[in-house]
Structure formats: C-alpha cells, structure tokens
DNA sequence: TTGTAAGCGTTATCAC
DNA sequence: GTGATAACGCTTACAA
C-alpha cells in the first residue's frame, strides 16, 4: 500500500510539492519507475541505458527524459549481481599514507579512469592477517580482478582467497611465477647507489637496512653487497645496521654506528625515510652532509629534493607502475595475456652525495 | 545440466580430486550449497551465519562445518541488495598521496575497523567534476553514509547527490550548517604561528599563502593578518605572496620576495610543503635558517621533524580527526545525533624558528 | 525452531 | 524491436 503510493509518487516527484515533503523516506528511483513513467518495459529501459540493443528512437527519448527527470542512478549492486561482473578491481595496498604505495595507487586511479573499471582499495597494513581479511573483503565485493601491491602474502595464500580471479602483483615478485608482476629491480637500484658512492671515493659505506623479512630490503642489501665486493673491498658486517624503513630507525642506525665507533664516510639508507632520520642524527652529532658523510636514500619521495642538502636517491617509477598495472589489469580482464615486467630504477644524484674535494 | 553437476560437485569438492581439476570453472559457493550439504534450508543457513535467530545446535554445527569445508564467502553484493544496507561508508577524499588527507583516511580506517562498517574510498582530486563523479559512484554502490573530506563541493551540491544519506564533513565547515562537521580552526592555528614569530622578535614576517579559493587558505590568511594587526604593526601587502600549497610555490614565493627586494626576517608558509620549498630557496640564496630567516609551516607532516633544521609547524590532529569521523559516522548511522566539533591545532616549535640571540 | 516464498534492482534469455 | 520472465545470492516476513 504505502509502497504503491510512494512509487506512484516517484513518478511525479519533480512536479509535486507534497512528494518533496516526504523526501526523507522516498525510495530510490529504479528502472521500474522509469519504465512506468515512460510507458515501456524494464527490459527496454535497460537496453536504452546500456545500449545493448536497438530501440525505437521515440521510446529511447522517453526513457532518457524520464531518467533525467527522476534523477535515476543505477544500483551498482544489482547490476553486478545480475551480470556477474562488478566492473571494479580490488586493490590491496599496504599502509595508506606511505609515499611509495600511495604513488602507485595514484597511478592506478589515473590509469583506470576512462576504462569501465573502478578501483576499490583495501589496506593490508603489512600484517598477514589484515592482508587476508582485506583480500577476503574485496573478493566478497565480487571484484573482477585483484591488484596486490607489495605485502607479505605468498602467491599460494593469495590464490587460496582469490580463486580463479585474475591477479596482478605490483612492486613485488611472484614466488611461483603463477601471477604476472610489475616490479622494480631493487638489487640493481641499490647496486647503482652503492657504486656511485664508491666511485665518489668512499671506501667505508654504512648501510641502514630495511626489515629483514621484507623482499625489497633483502634485494637492496644484496645490491649493496655486490657493489662493495665488486670494488674489491671486503664486506664488513659492522657497517651494516638493522632498520625498519622508518625515519626513527635512521636516527637509531646512525647513533648505533657512532656509539660503536664504526668509521664511515657515507651512508646508504634502505629508503628515503630512513635517510631523513640518518641525516638528522648526523647533524645532531655535528657531522656535515656531504662534507663529512655522504647520504643516499631509496624511493626518491617528493620531499627528498627539498631536504638540506637535497637528498640523492634511487627513484622508483611508482606512479608509472600504477598506470602500467591499470593497463595490465584491463588486459587480463579482457582475457588477454600479460607478461611480467621488471622496471629499472634510476639513481638521482643531488648534493647529499656530492663528490668531496 | 552442467549447473547441476557443478553444484553437486561443490558439495564434495574437498574430497574429490576430479572436482579440483575443474576448479577454474567452478561456481562460487552459495548459502544454497551449504544448505544442501548440511541438510537444512537457506534461511537456516542465513540465521546461523548472521546469528539472527536461535538454531538447533546440531544443525548449527552442520552448517558451520559445511561453511568451513566449502570455503564459503558471503556475496556482499547480494547481502546488501537484499537487506537494503551495504555496511559500508563512502569516503570522498582529495588526492590520495597528500599527507594531511591520507592521515585522516588512516584514522578513518582505524576507527571503522572493529565496527560493522568498512570504508570505500573515492578520490575527488580537488576537481569539482571529479568530486561529483566520485560521490555518484559511492552512492551507486549504495553506501550507508558518506564522509566528505575537504573538497570544493557546496553542501547543496553534496545533498543533491547523496539525498537522504547521512553525511559527515571532515576538515571543512558546512556552508549551510546542514551537515555535522569535524573541522580544525585554521584561523587560530595561523594566528598562533604568527604570534609566536612576533614574540620571538620578528617584525617583518612574510606569508606564502595557499590557493586563494581554498577555505583553509583564507582562514590561515586571516589568522596571520589578525596577529600582525593585534601586535600593532601595519599590514603590508608586499609581505604576502601567492602560493598553491605546493613545495614549488614555496620556492617561487621566496624568489619573488627576494627579487622584489622585500625585507623580512621570518616566513610563515601556508603548509609544510610550501615551507620545504621556501627553505630550499632560502638556502640557495645563502640565507640561513633560523639565523637569517625563521620559518614556520602548517600541518606538521611527518617529514617536518627531519628537516634541517627541524621545522616548526602548526599540527593538525589529522589522524584523530579521522578516528573521530569514524565514531561520528557510526553514531549517525545508528540514527543518533552528532554535533559538529572544531578542533584546535597546536603549534609545535622546533629549531627553524628558534629565538635569535 | 524451521521452511517456504517473496522480494532487492538489475541483466539476460526467451518468445512474439 | 519489445515485453515477459527467469536468474543473481541473499534477507526476511510469514507460516507451520
């Protein structure tokens, strides 16, 4: 009864002042309403709105008019349920607010806009349980595909949750080569940075590393080590201190090195944040950058060029990775294939590692 | 036929090796499957899963077992469509990747976790059209409520899209007092910062302002102006240069002031990013911070404490705003009321504005 | 306590 | 071209 009333009302609400009054309990406009108002069937409305078939121009116009007049907005939920696809891709990121992952997300948003897909984000926070929950939530929303940015889930764990959905890995490699991945060669980036310091005349380079169970951190460590050994130097454990990618760990790292009396003329930090912390600790200790100690970071996050002195860093093409990921996912969704790609990071040299004269 | 086969298969798939083989075309497990396997009706399954009613313990166990065995994951879309609520709140943010808004988002995520609601993010990018699109997308997903972080949409424009949905404004005020808002007193923050500089002995303070059509920027400008006038100084237009909240505009701002020969001993920047740029330009010009020029920013973004020297800044409780927003939205969703609140930002004094001796 | 059946707002498969 | 009508997977009266 009330239902019938409201629906009828719906058909007229633009004109009826009374209807406006009960706006707060007004039901949403559906294609059924449009059908009634424009004198056609639901199916025809659907056809017009989706362009799925030829429709008589007059009816088409009537439908379009009604759609506009009633302010119809399709119910995405119902569309997805009925069609079996949600036109959305789930994005599992790690820590909204961390510069590198955010830049990838931005790229994804940009790359996806203009396509038929829209991203749904979930935050894994680098916690295994949270990543699983987040992934489950995405799958529960019936996303058509999943982009996993970083994280610590094995591909087996991912596939257990995502099942047959297309999956794309970003900023990480796939342990089983089961999924295509867009990654960056962290080892090479670290190698370049270290080599640059060596070529600038530094013989004793300290490394403040990242989380030891973190793939990127391991690769960066390897690159560092390779450069040192290739230069014919012996690898000294004492020059390496543990960090966790935070600025605070950069401070601690330098303090530890100093307290232990380790001598060094350069520092390579696992990421820029760590480099910021290191730089602060150095200045507190009265050491000048780059005159006394050179500093190089990794990520080239935006703030780095504004540090004093501007920070040399290994640039990861984060935004580009996101954009490529968007393209790749659209391809995968179109049943096409996509081959993994590995991008090469680029060393950006600024004053923090200026050659000493 | 094939459908029947697969469904039957579903009931056994854990045990059947053959079924595993056709995994890729396996349909998703539904409550119907669980019902069949555990010998009860759909409704009972729903009751058990949602705890909506008392169920015979044995049947309950059977259902739970089957759920686990089949790896059932509820279809959120169908749930929402059937129940009329999506258990999600739409979050319209501006520019994923900008520190202040990201921090609010993090707070929201944190505050919402543990409740029955999960956030869905959309990015308005400070563009009117994009904000509308994003809002429409959220409403189309039938979110139960909307949190609007910043942005340039008037409340009339918002309400046109959101209709009767509960709306909460964050980091902005409501033009019509139509919606509750969680905001920060930008005017007072700027006033404090400026007063601090004045009390430190600065008489000629430059302002690099934010976007002129941006509410926050206007308020910060007003606070600056009030402090200057209250100190009995005359307000000099020449000391104010336009910026746009970017680091680059900080560089430009200082360059402009210097080129125009404007004398100043302190700079108040519209936000930290601008302050970073200003600091770089100052050092390029051979001016020391804080000895020659003191610098204060706004936002206190994380990197600020690692600048050289560490940057004084007006801290906005961004994360807390997000958390409060989450609570508030849950209240609104529970039909409860929520009164707007305005938080007071706190000035954090660091070396960049150290008193000159 | 449990099952049956009627929606929720679409899309998609039929006949006509 | 177009209109019934059956899904889609779930919730929720309403009966039993």
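Chains as they are written, first to last, in this note's numbering: chain A, 1 to 357; chain B, 1001 to 1357. Heads up, the beta-carbon is just placed ideally off N, CA and C, and yes, glycines get one too.
My output table needs one value for residue i: the three-state DSSP class, helix, strand or coil.
i	result
residue 1057 of chain B	helix
residue 162 of chain A	helix
residue 1115 of chain B	strand
residue 1073 of chain B	coil
residue 19 of chain A	Confidence in residue 19 of chain A is poor, its pLDDT being 33 and thus under 50, which makes the residue's placement too unreliable to answer from.
residue 1123 of chain B	strand
residue 168 of chain A	strand
residue 1183 of chain B	strand
residue 1233 of chain B	coil
residue 262 of chain A	coil
residue 354 of chain A	coil
residue 241 of chain A	strand
residue 288 of chain A	coil
residue 155 of chain A	helix
residue 1304 of chain B	helix
residue 1107 of chain B	helix
residue 79 of chain A	helix
residue 32 of chain A	helix
residue 1068 of chain B	helix
residue 1176 of chain B	coil
residue 46 of chain A	helix
Chain A partners of residue i, CB-CB under 9 Å?
i	result
residue 1074 of chain B	140
residue 1106 of chain B	95, 96, 97, 123
residue 1247 of chain B	302, 303, 305, 306
What first and last residue would you give for the beta strand (DSSP E) that runs through residue i?
i	result
residue 364 of chain A	Residue numbering for chain A in the displayed model covers 1 to 357; residue 364 of chain A lies beyond these limits and cannot be assessed.
residue 92 of chain A	88–93
residue 145 of chain A	145–149
residue 1268 of chain B	1266–1269
residue 1284 of chain B	Note, residue 1284 of chain B: premise wrong, no beta strand (DSSP E); alpha helix (DSSP H) at 1272–1284.
residue 1040 of chain B	Premise fails: residue 1040 of chain B is in no beta strand (DSSP E) and is neither H nor E.
residue 385 of chain A	Summary: the structure shown does not reach residue 385 of chain A, with chain A confined to residues 1 through 357, and so no result is reported for it.
residue 1363 of chain B	What the structure shows of chain B is the stretch from 1001 to 1357, and residue 1363 of chain B is not part of that stretch, so it cannot be assessed.
residue 1207 of chain B	1205–1208
Is the beta carbon of residue j closer than 8 Å to that of residue i?
i	j	result
residue 272 of chain A	residue 244 of chain A	no
residue 1215 of chain B	residue 1172 of chain B	yes
residue 265 of chain A	residue 289 of chain A	no
residue 1321 of chain B	residue 1104 of chain B	yes
residue 1307 of chain B	residue 1279 of chain B	yes
residue 38 of chain A	residue 62 of chain A	yes
residue 111 of chain A	residue 336 of chain A	no
residue 170 of chain A	residue 209 of chain A	no
residue 207 of chain A	residue 224 of chain A	yes
residue 276 of chain A	residue 253 of chain A	no
residue 1146 of chain B	residue 1153 of chain B	no
residue 1168 of chain B	residue 1332 of chain B	yes
residue 1080 of chain B	residue 77 of chain A	yes
residue 1350 of chain B	residue 1316 of chain B	no
residue 385 of chain A	residue 185 of chain A	Nothing in the structure corresponds to residue 385 of chain A, since chain A is present only between 1 and 357.
residue 1298 of chain B	residue 1281 of chain B	no
residue 1092 of chain B	residue 1129 of chain B	no
residue 360 of chain A	residue 341 of chain A	Nothing about residue 360 of chain A can be read from this structure; chain A reaches only from 1 to 357.
Could you spell out where the alpha helix (DSSP H) holding residue i opens and where it closes?
i	result
residue 221 of chain A	215–230
residue 1135 of chain B	1128–1140
residue 1249 of chain B	1247–1259
residue 1197 of chain B	1186–1199
Residues of chain A with a CB under 7 Å from the CB of residue i: which are they?
i	result
residue 1188 of chain B	Those do not exist, as residue 1188 of chain B stays about 26 Å from chain A at its closest Cβ, beyond 7 Å.
residue 1102 of chain B	96, 97, 102
residue 1283 of chain B	308
residue 983 of chain B	Outside the shown range of chain B (1001 to 1357) lies residue 983 of chain B, about which nothing can therefore be said.
residue 1081 of chain B	77, 78, 81
Quick one: which chain A residues come within Cβ less than 8 Å of residue i?
i	result
residue 1279 of chain B	306, 308
If the cut is a Cβ gap below 8 Å, which residues of chain B does residue i touch?
i	result
residue 109 of chain A	1096, 1123
Run down chain B in chain order and give the residues with a C-beta less than 7 Å from the C-beta of residue i.
i	result
residue 255 of chain A	Those within 7 Å of residue 255 of chain A in chain B number zero; the least Cβ separation is about 14 Å.
residue 303 of chain A	1276, 1303
Which chain B residues are close to residue i, counting only those with a beta carbon under 9 Å from its beta carbon?
i	result
residue 137 of chain A	1076, 1118
(request) Tell me the start and end of each unbroken beta strand (DSSP E) in the segment 1313–1352 of chain B that is at least 3 residues and wholly inside, in chain order. (result) 1341–1343, 1346–1348
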